[in-house]
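Have a look at the structure below, then the notes.
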Amino acid sequence: MALSTIQNNSFADTAVHGYRNLLVNGGLIVSQRGDYTSATSYSGETYYLDRWKMWQASVSGTVQQTTVTINGVIKKAMKIVATSSATGFIGTRQKIELQNIPVGVNLVASCWVRSNNAYTRFRYNDFGGSDANSPVFTNDGNWEKVSFSIDSSSTTVNPSIGLITYDTGMVSVTSGDYIEFTDFQLEISSGSPTPFEHRSYGDELRRCQRYCTVLNSPSNLFMYRDYYSTDTMVTNADLPVTMRTTPSITMTGSGGTSNTGFTYINLGAEPTLAALSPQAIAVYRGVASSARTYIHMASTGELTMEAEL
Amino acid sequence: MNILSAQYHNGPAGQSNITIEANIDGKIVWVPVCVGNAHYDEILRQVEAGVLTIADASTDTP
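Quick note, the sequences are listed as chains A and B, same order. Heads up, the first sequence is in this note's numbering, so the first residue is 6 and it goes up one at a time. Heads up, the second sequence is in this note's numbering, so the first residue is 10 and it goes up one at a time.
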């Protein structure tokens with residue numbers, strides 16, 4: 006780029022630059038754990054769309070990855086709908102690693118939101134050593150851009166911020182009440198929020214994989230190992246990014262041997278799964294006899310590695 | 010997090026207790042022995058609270 010094309014305002018304190026959003030998947034474009042494009046019943050304190058943890062008390066509900074149009078622009082969004090009525094709350098939040106928060110500065114959260122519950126608002130926990138609500142939004146069912154300033158001084162544990170139907174305590178939630186949002190951003194600012202920082206799907210996916218990685222194998226060749234030995238069969242897989250911590254592993258899929266997600270012969274029993282570091286996992290088991298032994302992930306198999314907060 | 014059972018497993022080279030096979034909310038989850046992993050932290054909390062016991066590794070594993 007020619008220097009003549011750099012505008013003076015690029016150097017101004019008010020210039021808008023990249024890498025501003027401290028949240029991951031604020032645009033709700035990544036959904037590794039499943040296809041939630043239909044309303045899906047959720048459990049509290051559980052992750053569905055990447056990085057967004059459900060926030061729920063006394064009220065059952067559904068979560069859905071929706072496609073919405075705001076000011077003529079098509080966006081992905083997340084919709085939470087109450088399916089029962091009670092005094093409680095519905096919502097979602099994102100927990101942030103303390104090391105990723107610049108403690109001692111002012112932050113501002115912003116997003117597009119629409120809701121029909123009078124108490125829908127931002128709520129943060131463990132910022133500046135305290136928890137707090139924003140004022141309630143308009144909550145008339147129409148999209149509105151909302152923001153909320155946060156003081157992160159004295160933040161000492163992993164903080165979180167999200168959207169919730171809440172007041173000084175639980176509130177009345179009626180079946181059909183909903184919160185739908187997108188373009189959730191948390192940035193360093195003492196003033197107004199800047200426009201939402203759009204990141205590519207690949208960029209956002211890599212950021213999500215620090216906390217959750219899903220591996221599958223339509224080709225039937227993933228984690229393939231074939232040998233003749235009387236020893237233990239071991240097959241490994243490197244993870245695409247270094248995860249936040251050594252992850253837990255869940256295997257799904259029933260198309261393999263013994264109704265598992267792996268196809269194998271001559272193993273003494275179902276394979277053991279272990280993550281030994283944030284970078285790699287291993288699958289292993291002693292062989293049944295001296296004979297050809299092989300293992301690979303079944304075409305319907307899937308491994309989910311979780312290192313969430 | 011409802012942890013119905015938990016059992017240690019040894020490693021492929023005979024390392025002791027390197028992973029835990031846990032039934033969490035009805036699903037089998039392989040949990041690393043690693044403080045900071047949310048599942049392991051919860052297992053430790055329930056063990057210390059006396060509501061969960063981690064079974065020893067089977068002698069025929071791995």
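The beta-carbon is built from N, C-alpha and C at its ideal position, and this holds for glycine as well.
Beta-carbon neighbours of residue i, restricted to chain A and to distances below 9 angstroms
i        : result
Ala47(B) : Thr250, Ser253, Glu311, Ala312, Glu313, Leu314
Val60(B) : Those do not exist, as Val60(B) stays about 18 angstroms from chain A at its closest Cβ, beyond 9 angstroms.
Interface residues of chain B facing residue i [CB-CB closer than 8 angstroms]
i         : result
Leu244(A) : None at all; the shortest Cβ gap to chain B is about 13 angstroms.
Partners in chain A for residue i, counting only beta-carbon separations shorter than 8 angstroms
i        : result
Val56(B) : The premise fails here: Val56(B) is roughly 16 angstroms from chain A at the closest Cβ pair, so nothing lies under 8 angstroms.
Ile27(B) : Ala279, Leu281
Residues of its chain near residue i, where Cβ-Cβ distance is below 6 angstroms and the 5 sequence neighbours each way are ignored
i         : result
Leu314(A) : Lys100, Asn163
Val35(A)  : Asp55, Glu209, Leu210, Cys213
Pro245(A) : Gln214
Ser295(A) : Thr235
Ser63(A)  : Ala91, Gly93
Val108(A) : Ser157, Thr160
Met256(A) : Gly266, Leu308
Lys80(A)  : Val73, Thr187
Ser194(A) : Val113
Residue i (DSSP reduced to helix, strand or coil)
i         : result
Thr235(A) : coil
Ser135(A) : strand
Ala15(B)  : strand
Glu51(B)  : helix
Tyr129(A) : strand
Ser177(A) : strand
Asp156(A) : strand
Cutoff 7 angstroms; reference residue i; Cβ partners in own chain excluding five residues on either side
i         : result
Tyr269(A) : Thr262, Pro276, Tyr299, Ile300
Asn121(A) : Asn144, Gly146, Asp182, Tyr183
Val141(A) : Ala123, Tyr124, Thr125, Arg126
Ala82(A)  : Leu33, Thr71, Val73, Glu185, Phe186, Thr187
Gln55(B)  : Ile12, Leu61
Thr199(A) : Val21, Arg25, Glu192
Separation of residue j from residue i, as counted between CA atoms
i         : j         : result
Lys150(A) : Gln37(A)  : 27 angstroms
Phe227(A) : Gln70(A)  : 29 angstroms
Ser46(A)  : Gly266(A) : 25 angstroms
His203(A) : Thr170(A) : 27 angstroms
Ile106(A) : Asp40(A)  : 31 angstroms
Ser89(A)  : Trp148(A) : 24 angstroms
Asp172(A) : Gln61(A)  : 14 angstroms
Leu220(A) : Arg230(A) : 17 angstroms
Glu192(A) : Ser115(A) : 9 angstroms
Thr251(A) : Tyr24(A)  : 26 angstroms
Ala242(A) : Thr67(A)  : 34 angstroms
Leu28(A)  : Lys84(A)  : 18 angstroms
Cut-off 8 angstroms between Cβ atoms - residues of its own chain near residue i, not counting five sequence neighbours on either side
i         : result
Asn26(B)  : Tyr17, His18, Asn19, Val42, Ala66
Ser180(A) : Ala87, Thr88, Ser89, Ser90
Arg249(A) : Glu102, Arg215, Tyr216, Pro283, Ala312, Glu313, Leu314
Residues that residue i contacts on chain B, provided the C-beta gap is smaller than 9 angstroms
i         : result
Val29(A)  : In chain order: nothing, as chain B lies at least about 17 angstroms away.
Ala303(A) : Under the 9 angstroms cutoff, chain B gives no residues; its nearest Cβ is about 16 angstroms from Ala303(A).
Buried/exposed call for residue i, threshold 16 Cβ in 10 Å
i         : result
Leu54(A)  : buried
Tyr183(A) : buried
Ile166(A) : buried
Val21(A)  : exposed
Thr74(A)  : exposed
Val40(B)  : buried
Ile29(B)  : buried
Tyr233(A) : exposed
Pro21(B)  : buried
Asn11(B)  : exposed
Glu311(A) : buried
Gln284(A) : exposed
Gly59(B)  : exposed
Arg290(A) : buried
Tyr129(A) : buried
Ser43(A)  : exposed
Asp131(A) : buried
Cβ-heavy atom distance, residue i to the ligand NAD, below 7 angstroms
i         : result
Thr179(A) : As far as ligands go, the structure on display features none, and thus does not contain the ligand NAD.
Where residue i meets chain B, residues with beta-carbon distance less than 7 angstroms
i         : result
Ala287(A) : Pro21
Ala280(A) : Pro41
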